[in-house]
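In the order they appear, the protein sequences are chains A and B.
Take the first sequence: its position 172, counting from 1, is numbered 179 in my numbering, and each next residue is one higher.
Take the second sequence: its position 52, counting from 1, is numbered 59 in my numbering, and each next residue is one higher.
Think of the CB as a built atom: it goes at the ideal place given N, C-alpha and C, for glycine as much as any other residue.
Nothing here was measured: the structure is a model prediction, and the numbers come from that model.
2 protein chains.
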Amino acid sequence: MTAMIHSWQDHDLHPIDVDPRPDLFHGLSKAQTRQIRRAFKSETYEDGESLPRSGVDAPFVGLVLSGVLREDRATPEGGSHLLALTFAGEAFARQSRDRAKGTLTAIGETEVLTCAYATFERLAVAIPRLRLNLLHLVQDQLAQAQYWQLLLGRKTAHERITSMLRCFHQRQGQPDEIDLAVKRADLGQLTGLKLETVSRQMRALERAGLIAMPQPSRVRIKDAATLKAETGDSSVRRAATDFRITF
Amino acid sequence: MTAMIHSWQDHDLHPIDVDPRPDLFHGLSKAQTRQIRRAFKSETYEDGESLPRSGVDAPFVGLVLSGVLREDRATPEGGSHLLALTFAGEAFARQSRDRAKGTLTAIGETEVLTCAYATFERLAVAIPRLRLNLLHLVQDQLAQAQYWQLLLGRKTAHERITSMLRCFHQRQGQPDEIDLAVKRADLGQLTGLKLETVSRQMRALERAGLIAMPQPSRVRIKDAATLKAETGDSSVRRAATDFRITF
DNA sequence: CGCAGATTTGATCCCGGTCAAAGGACGTGG
DNA sequence: CCACGTCCTTTGACCGGGATCAAATCTGCG
Numbered sequence: 008m009t010a011m012i013h014s015w016q017d018h019d020l021h022p023i024d025v026d027p028r029p030d031l032f033h034g035l036s037k038a039q040t041r042q043i044r045r046a047f048k049s050e051t052y053e054d055g056e057s058l059p060r061s062g063v064d065a066p067f068v069g070l071v072l073s074g075v076l077r078e079d080r081a082t083p084e085g086g087s088h089l090l091a092l093t094f095a096g097e098a099f100a101r102q103s104r105d106r107a108k109g110t111l112t113a114i115g116e117t118e119v120l121t122c123a124y125a126t127f128e129r130l131a132v133a134i135p136r137l138r139l140n141l142l143h144l145v146q147d148q149l150a151q152a153q154y155w156q157l158l159l160g161r162k163t164a165h166e167r168i169t170s171m172l173r174c175f176h177q178r179q180g181q182p183d184e185i186d187l188a189v190k191r192a193d194l195g196q197l198t199g200l201k202l203e204t205v206s207r208q209m210r211a212l213e214r215a216g217l218i219a220m221p222q223p224s225r226v227r228i229k230d231a232a233t234l235k236a237e238t239g240d241s242s243v244r245r246a247a248t249d250f251r252i253t254f
Numbered sequence: 008m009t010a011m012i013h014s015w016q017d018h019d020l021h022p023i024d025v026d027p028r029p030d031l032f033h034g035l036s037k038a039q040t041r042q043i044r045r046a047f048k049s050e051t052y053e054d055g056e057s058l059p060r061s062g063v064d065a066p067f068v069g070l071v072l073s074g075v076l077r078e079d080r081a082t083p084e085g086g087s088h089l090l091a092l093t094f095a096g097e098a099f100a101r102q103s104r105d106r107a108k109g110t111l112t113a114i115g116e117t118e119v120l121t122c123a124y125a126t127f128e129r130l131a132v133a134i135p136r137l138r139l140n141l142l143h144l145v146q147d148q149l150a151q152a153q154y155w156q157l158l159l160g161r162k163t164a165h166e167r168i169t170s171m172l173r174c175f176h177q178r179q180g181q182p183d184e185i186d187l188a189v190k191r192a193d194l195g196q197l198t199g200l201k202l203e204t205v206s207r208q209m210r211a212l213e214r215a216g217l218i219a220m221p222q223p224s225r226v227r228i229k230d231a232a233t234l235k236a237e238t239g240d241s242s243v244r245r246a247a248t249d250f251r252i253t254f
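This is the structure we're talking about:
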């Protein structure tokens, strides 16, 4: 097993320090969970297809079962800006009374379990705990947005890219190989960088041996520990081998 | 009246395009509002005093009646980072189940109306609408965080400062003179800039005649229309007179 | 193959960070 | 009242990281 080779160094003091994303069904009985799942509607969206944004059956909360959702917000200039990605296993909540138009679009074939506002209200009357879980869900989104705020305000390009890769890695369940789902320009919108800079930083990480890129949008994490150390989040910043871009 | 001089140019097509912040008491009857106000506790904090963060009577939701609250979050490096300000008339909601420690601190003498979690739950049972208002409150915080995300990711220093000034102006009710409440270094943390850059941009705006600064932390808005045009938010970017920093 | 779109690499420039020093505001004590 | 110290703001000089422009690969597809 190659695992044995890594075992001694992969065993961190905090082997998994990923925060569990809030579970919409947390603290509910099996019967309640079943009741909710029956009320939710299972839908499959093709690549590039957008979820309905208005109407009575527009999704109010939802769960991504497989695939990825991208959330774009229209900019005042008439353009559009990628705000966030929702990976499989994560939940999303739509801002209801919101004139700021956000769009949810499937990336690849995407299965979602959705629920309209009226349905959710009906369920919440029977299961009060559901409202608390929804609140936690939105609060988690807020915490995430604030994390990116910190990232965009204070980090260098190198730290932003490593942070983003680590974030995706954790949220996808720490697989060997993560799926970036979007192209370089979109990654740039998430991190506040230009596509060329994203590319340069990722190639630098590849040359340093921290990651491998079998395909442009597939990233194999080769050294998660060093990657973490390079995010700029840890209290102990190590001296770090040279990641400088070479010209 | 000097007002007459400005009247023709102050009348924009959208004279007030500020979004009303969500009202915690929205849609409630007078009796319900009275019931809630009785259950809330009125407290006054001195300058620099922090609101309790744990314990059964730690505020869960609150309203700032006068003064300003600053919300700081501890960084992994051991430092602390200003995340947001809450001005008079605005509400705040605390992330309950949150290991990420945020601190609310009064700036100047600050009156708040607060409510512990247990009390809120009791009220919400009697007044279900209150839960919806809370959800809207948190969703508004999320929308705000996402706006700053856009600001930090895409705007120039000049656009960030004008955006920030305009944001404060709107949120303080568009007075002639706004109160920055914090020093340059803190404004820098909000906007992702260094204190010197904040200072330079603000002096540039003063020299351009858009604002005046009778005191370092008091800003008189002299030309709101141009200020708005310079935020980079408007669809029509005007040619703009020169705001370049002169050395 | 030929084409369009995405990524990578290169060369150059400029905005904003960094370091340093000079005001300014304000309180305390002589 | 002024001298002094502290903290904040402003200004200056310089530099580097990331943006920008441009061109060269790479990739998938009809």
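Let me know the secondary structure DSSP gives A:VAL71 once reduced to three states. strand
With a threshold of 8 Å, are at least 3 pairs of Cβ atoms found where one atom belongs to the segment 145 to 154 of chain B and the other to the segment 146 to 159 of chain A? yes
Taking Cβ-Cβ distances shorter than 8 Å, what residues in chain B pair up with A:SER87? Those do not exist, as A:SER87 stays about 12 Å from chain B at its closest Cβ, beyond 8 Å.
Separation of B:THR93 from B:GLN177, as counted between CA atoms: Looking at the backbone, the Cα of B:GLN177 and that of B:THR93 are separated by about 13 Å.
Helix, strand or coil, according to DSSP, for B:HIS33 in the structure here? coil
Backbone secondary structure at B:LEU197 - three-state DSSP: helix
So, at 8 Å on beta carbons, what are the nonlocal neighbours of A:ARG44 in its own chain, with the 5 sequence-adjacent residues on each side left out? LEU120
Could you give the first and the last residue of the continuous alpha helix (DSSP H) run that contains B:LEU157? 136 to 161
Which residue from A:ALA188, A:VAL132, A:THR238, A:THR233 puts its Cα closest to that of A:SER224? In terms of CA proximity to A:SER224, A:ALA188 leads the group A:ALA188, A:VAL132, A:THR238, A:THR233.
Three-state secondary structure (DSSP) at A:LEU212? helix
Cβ of A:LEU142 within 8 Å of any chain B Cβ: yes
Opposite A:THR112 in the DSSP bridges: which residues? A:SER57, A:ARG77
Is A:SER170 buried or exposed, if buried means 16 or more other CB atoms sit within 10 Å of its CB? buried
Are B:ASP1 and B:GLN196 closer than 8 Å when you measure CB to CB? Past the edges of chain B, shown from 8 to 254, lies residue 1 of chain B, and the structure says nothing about it.
State buried or exposed for A:GLN222, treating a residue as buried only when at least 16 other CB atoms are found within 10 Å of its CB. exposed
Who are the neighbours of B:PRO66 on chain A, taking C-beta pairs under 9 Å? For B:PRO66, there are no C-beta contacts with chain A under 9 Å, since the nearest C-beta of that chain is about 15 Å from it.
Kindly identify the DSSP beta-bridge partner or partners of A:TYR52. A:THR117
Report the option in B:ARG77, B:GLU97, B:THR126 whose CA atom is closest to the CA atom of B:THR110. B:ARG77
Could you work out which residue in A:VAL71, A:GLU237, A:LEU144 is closest to A:ARG173 when comparing CA atoms only? A:GLU237
Could you tell me whether any Cβ in chain B is nearer than 8 Å to the Cβ of A:ARG161? yes
If you run the structure through DSSP and keep just helix, strand and coil, what is B:SER206? helix
Quick check: what's the CA-CA separation for A:HIS21 versus A:ALA231? Note on A:HIS21: pLDDT 42, under 50, position unreliable in the model; the coordinate value appears next. Whole-angstrom Cα-Cα distance: 13 Å.
From what residue to what residue does the beta strand (DSSP E) around B:LEU89 run? 87 to 93
Which residues in chain B have a C-beta closer than 8 Å to the C-beta of A:ASP240? List them in chain order. The answer, in chain order, is PRO83.
Rounded straight-line distance, which links the Cα of A:ALA100 to that of B:GLY85: 33 Å
Assigned secondary structure, A:GLU97 (DSSP; H/G/I helix, E/B strand, else coil): coil
With 8 Å set as the bound, which would you pick, yes or no: does the beta-carbon of A:TYR34 sit closer than that to a beta-carbon of chain B? The amino acid at residue 34 of chain A is misidentified as Tyr; the sequence shows Gly. A:GLY34 does not count as touching chain B.
How many angstroms separate the CA atom of A:ARG80 from the CA atom of A:GLY216? Looking at the backbone, the Cα of A:ARG80 and that of A:GLY216 are separated by about 35 Å.
Please check if any C-beta of chain B sits within less than 8 Å of the C-beta of A:VAL145. yes
Quick test of your reading: A:ALA91 and A:VAL71, contact by CB under 8 Å. State the CB separation rounded to the nearest angstrom. Not confirmed; about 12 Å, so no contact.
At 7 Å on the CB atoms, spell out the chain A contacts of B:ARG138, in chain order. ARG138
Mind checking who A:ILE7 pairs with in its DSSP beta bridge? Only positions 8 to 254 of chain A appear in this structure, which leaves residue 7 of chain A out of reach.
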